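Student:
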Amino acid sequence: MDEIQIKGISNFSKYTALLSELVRKNIKIKYRNSILGVLWSLLDPLFRMIVLTIVFSALFHRVANYPVYYLTGQLAYSLFASGSSQAMKSLVSSSGIWKSIYVPKYLYPLASVLSNFVTFILSLLVLFAIMFVTGTEFTVYIIFASLPILVLLVMTFGVGLIIGTLNIFFRDMEHLYSVFTLLLMYALPIFYPADILPAQFRFIQTYNPLYYIVVCLRDCFLYGKLYSPIDIIIPAIAAVILLGIGIAMLKRYQDKFILYV
Amino acid sequence: MSKDTVIEVNNVSMEFNLSEEKTDNLKEFVIKFIKREIRFQSFWALNNVSLRINKGDKVGFVGLNGAGKSTLLKIISGVLKPTKGTVKVNGSLAPLLALGAGFDPNYSGRENIYLNGATLGHSRADMDKKFEDIVSFAEIEDFIDVPVKNYSSGMKSRLAFSIATSINPDILILDEVLSVGDMSFQRKCRDRMDTLMSDASMLFVSHSVGQVRNLCDKAIWLHKGSIIAAGEVNEICDQYEAYVKNL
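From first to last, the protein sequence lines stand for chains F and Y.
In this text, residue positions in the first sequence follow our numbering: the first is 30, and each later residue adds one.
In this text, residue positions in the second sequence follow our numbering: the first is 9, and each later residue adds one.
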């Protein structure tokens, strides 16, 4: 038994084919039977941005370049929210496979996060187009956005593993988490300026690692400057801790999964 | 472990906690926890089972429902961890434990061949080489681009068997997946086992004793989690059928 499992970990190369196959599948299935297909990855953030700009740009007129402000926040949030919630569901929905064939279970959440990353990359095209249209300056700092994005991916995978493991035992997680992501959306300054929060509620932002990611991304894309070190170090530490907890929980409980699904 | 042995099962026992499995939502868990009702209701699906399977052995498992056949195959496949005992597997496995388990229902047959191949550890390039052979053996040429959810159970099992055998595994595990195939397909399976899979080992579970006799050389009779008898296939099947007749 141990031999099989050790083989599974050391033989990651054996499973890279499966990982890429799963990422491909997630993207294909998402857009199957839709006429515009993968174009929806571009249209979805574009339509959201148009709606939100119409509704809120007059209200928050002091936000310079509202479309780009909104998109940078929204893209980071949706990568996290849909990545982690799909990762959570993937462990239950792939049960038919891991109940009959030994495969490392982390592959399914990982594939969910990576397929969301692919759609995120596509929606960056929309961001660039809007930046071009609104006359935002393209600076070298856009390249530095890759670091907060990497941190965001690690965080998403870590959270996906944690709630995915819980979801095996308590299927309530799916419902709880959709409420949580809604709350998270309003807690983040995605469509409103960060400083409208009264001082006594500032902790909602300062204790939220995702807030710093959004700040970093806006610095790179919108304000054309490098983020301050503290804004990247805080979410990076949070991401590593979350990933550590996620891996530990999966390792501790994965042999019991088959009894609960 | 000698080099001819591909599977070695040593004193394996499997315990399930029947009350634990009933709780799958938070509310019930909290209520039970407060009432201290999370007690242990134990059920031993396997008791101290040991067996050794050599290279090339075709072994059939017979026994009534609940004898522990599928549990044993799951433990050998590595998806279930035994409560006690060890399992050593020497070689690559291709388990067919449930009908169409490795398939995505929304994916076409073509896409599922690559997906299932990858699940068994084979790259796209590997599967490209075997693609024609898999499709023609499974006899699904006309349906290759149809989603698998529209396949009949016979088509699904033909495709799954075809994929699992074409990747040349050292050990093939079949749990009730051939029962939905018709007579001509079962004959083809037998031929394929004799030619392509002649060096490979096979573990086979079926409620049809006829199929076990037809496909296997050896048989193991399980009853309530223990091995009652093991040996040459016809001998064991005769004993088992005699027992079933007297029930």
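Yeah, the Cβ is synthetic: ideal placement off N, Cα and C, and Gly gets one too.
Because the structure is a prediction, the values reported are computed rather than measured.
1) Rounded to whole angstroms, what's the CA-CA distance from F/Gly112 to F/Val142? Just pull it up for me.
2) Could you check whether F/Ala216 and F/Asn237 sit closer than 8 Å to each other, using their CB atoms as the reference points?
3) Just the Cα atoms here: how many angstroms apart are F/Phe199 and Y/Leu34?
4) If the cut is a Cβ gap below 9 Å, which residues of chain Y does F/Ser144 touch?
5) Using DSSP bridges, identify the partner residues of Y/Asn25.
6) Enumerated in chain order, which unbroken segments of the alpha helix (DSSP H) with a length of 4 residues or greater are wholly contained in the segment 95-164 of chain F?
7) Would you list the residues sitting across from Y/Asn18 in a DSSP beta bridge?
8) Shorter than 8 Å from the beta carbon of F/Lys43 to some beta carbon of chain Y?
9) Are the C-beta atoms of F/Met78 and some chain Y residue less than 8 Å apart?
10) With DSSP run on the structure shown, which of helix, strand or coil describes F/Gly66?
11) Can you tell me which of the three DSSP states F/Met30 falls into?
12) DSSP on F/Lys36, reduced to helix/strand/coil?
13) Kindly identify the DSSP beta-bridge partner or partners of Y/Gly68.
14) Does DSSP put F/Ser49 in a helix, in a strand, or in coil?
15) Could you spell out where the alpha helix (DSSP H) holding F/Asp260 opens and where it closes?
16) If the cut is a Cβ gap below 9 Å, which residues of chain F does Y/Phe37 touch?
17) Just to confirm before moving on: does the CB-CB distance between Y/Val188 and Y/Pro90 stay below 8 Å?
18) Within the same chain, show all residues whose beta-carbon is closer than 7 Å to that of F/Tyr60, passing over the 5 residues directly before and after it, in chain order.
19) Evaluate F/Thr148 with the Cβ neighbour count: other Cβ atoms within 10 Å of its Cβ, from every protein chain shown; 16 or more gives buried, anything less gives exposed.
20) What residues from chain F crowd round Y/Asp112, counting only those whose CB sits closer than 8 Å?
21) Go to Y/Ser234, then tell me how far its beta strand (DSSP E) extends in each direction, as first and last residue.
22) Can you tell me whether F/Ala87 is buried or exposed? The criterion is at least 16 other CB atoms within 10 Å of its CB, across all chains shown.
23) Sorted by chain position, which residues of the same chain lie with C-beta nearer than 6 Å to Y/Glu236's C-beta, five sequence neighbours on each side aside?
24) Could you name the residues of chain F that Y/Val87 contacts, counting a contact when the two beta carbons are closer than 8 Å?
25) So that I know if they touch, is there some Cβ in chain F lying closer than 8 Å to that of Y/Leu123?
26) What first and last residue would you give for the beta strand (DSSP E) that runs through Y/Ile179?
27) Going by C-alpha distance, which of Y/Met191, Y/Asn176, Y/Ala227 is nearest Y/Arg166?
28) The beta strand (DSSP E) with Y/Ala102 in it runs from where to where?
29) Under 8 Å between the Cβ atoms of Y/Leu81 and Y/Leu54?
30) For Y/Val241 and Y/Val213, which I take to be in contact (beta-carbon distance under 8 Å), what is that distance rounded to the nearest angstrom?
Tutor: With the structure as the only source:
1) 5 Å
2) yes
3) 5 Å
4) Neighbours of F/Ser144 on chain Y: none; closest Cβ ~14 Å, over 9 Å.
5) Y/Ser50
6) 95-122, 124-127, 136-162
7) Y/Thr94
8) yes
9) no
10) helix
11) Only weak support exists for where F/Met30 lies, its pLDDT of 38 falling under 50; the value from the coordinates is given anyway. Three-state DSSP puts F/Met30 in coil, outside helix and strand.
12) Unreliable positioning characterises F/Lys36 in this predicted model, as indicated by a pLDDT of 46, which lies under 50. The coordinate reading is nonetheless provided below. In this structure, F/Lys36 counts as helix in the three-state DSSP scheme.
13) Y/Phe212, Y/Ala227
14) helix
15) 258-282
16) Phe198, Phe199
17) No. Outside cutoff.
18) Excluding residues within five positions, the ones whose Cβ falls inside 7 Å are Gly66, Val67, Trp69.
19) So F/Thr148 counts as buried.
20) In chain order: Lys54, Ile58.
21) 234-240
22) It counts as exposed.
23) Per the sequence presented here, residue 236 of chain Y reads as Ile, with Glu not at that position. Take Y/Ile236, set aside five residues on each side of it, and the residues of its chain with a beta-carbon closer than 6 Å to its own are Trp229, in chain order.
24) Trp127, Lys128, Ser129, Ile130, Tyr131, Ile287
25) yes
26) DSSP places Y/Ile179 in the uninterrupted beta strand (DSSP E) bounded by 179-183.
27) Y/Met191
28) 101-104
29) no
30) That belief does not hold up - the Cβ atoms of Y/Val241 and Y/Val213 are roughly 14 Å apart, past 8 Å.
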